[in-house]
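First the structure, in the form of structure tokens, and then the observations on it.
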Amino acid sequence: MSTPEFIRAIRARAGQQLLLLPAVSAVVFDDAGRVLLGRRTDNGEWSVIGGIAEPGEQPAETAVREVHEETAVRCVPERVVLVQMQRPVVYPNGDVCQFQDITFRCRAVGGRARVNDEESLEVAWFDTDALPSMGPFALDRIHRAMRDEPTWFEAADVLAE
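Numbers given in our numbering equal positions in the sequence shown, counted from 1, plus 271.
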């Protein structure tokens, strides 16, 4: 995954300390009900499409941009599936990031799925009952996006006074 230039500029001043970053995941379905997945270059695993928001960019815009940049598919966000703070990640170079993920259910409206940048090895549509092997992050988002439920978020353990 390439590092956006604005994060490189922050890292030049902040060093490797924890950065809290806004991120989105897009679970994109076509008219046949298939889900769009990319096989990532950084770990070789299949996953939903996602990325980091640019400064000033609305989360839904980030989802649309990331899907098109990575897969050449045009999509429209339909609803927010979940909002979740991820655990901090320590990269091999020592940089520490924590991503606040907003996952969108999206509908494909154009384009032809293909590898469109350096972040994916493969891009393909999959029937939801024939998904490739993938991690719990992607599977959870796909399963939640398939259900017609309210937005999921992890409730805080606070006492009402």
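For every residue, glycine included, the Cβ atom is placed at its ideal position computed from N, Cα and C.
Minimum C-alpha distance to residue i - residue among the options
| i | options | result |
| --- | --- | --- |
| G327 | R412, L292 and N314 | L292 |
| R378 | V335, I278 and R311 | V335 |
| S391 | G382, G315, L290 and A294 | G315 |
| E341 | W423, I281 and V394 | V394 |
| D301 | N364, R376 and S404 | R376 |
| E425 | V354, N364, G382 and D398 | V354 |
| G365 | R282, F277 and E276 | R282 |
| P359 | V299, R279, E276 and Q287 | Q287 |
| F277 | V295, A324 and W317 | A324 |
Local Cβ density within 10 Å of residue i, reported as buried at 16 or more and exposed below that
| i | result |
| --- | --- |
| A384 | buried |
| A297 | buried |
| G322 | buried |
| D372 | buried |
| P407 | exposed |
| T399 | exposed |
| T374 | buried |
| A416 | buried |
| E420 | exposed |
| T333 | buried |
Residue j beta carbon less than 8 Å from that of residue i
| i | j | result |
| --- | --- | --- |
| T274 | E389 | no |
| V347 | V380 | yes |
| A343 | G309 | no |
| I320 | V299 | yes |
Extent of the continuous beta strand (DSSP E) to which residue i belongs
| i | result |
| --- | --- |
| R458 | Nothing about residue 458 can be read from this structure; the chain reaches only from 272 to 432. |
| E349 | R345 to M356 |
Heavy atom of the ligand PLP within 7 Å of residue i beta-carbon
| i | result |
| --- | --- |
| R376 | The model on display carries no ligand, and the ligand PLP is accordingly not part of it. |
Residues that DSSP places opposite residue i in a beta bridge
| i | result |
| --- | --- |
| L291 | Q369 |
| V394 | G309 |
| I281 | Partner(s): none; I281 has no beta bridge. |
| V299 | C377 |
Run of the alpha helix (DSSP H) containing residue i, from where it starts to where it stops
| i | result |
| --- | --- |
| R412 | P407 to M417 |
| P330 | P330 to T342 |
Chain C contact for residue i (CB, 8 Å cutoff)
| i | result |
| --- | --- |
| T399 | Absence of chain C from the displayed structure is noted, only one protein chain being present. |
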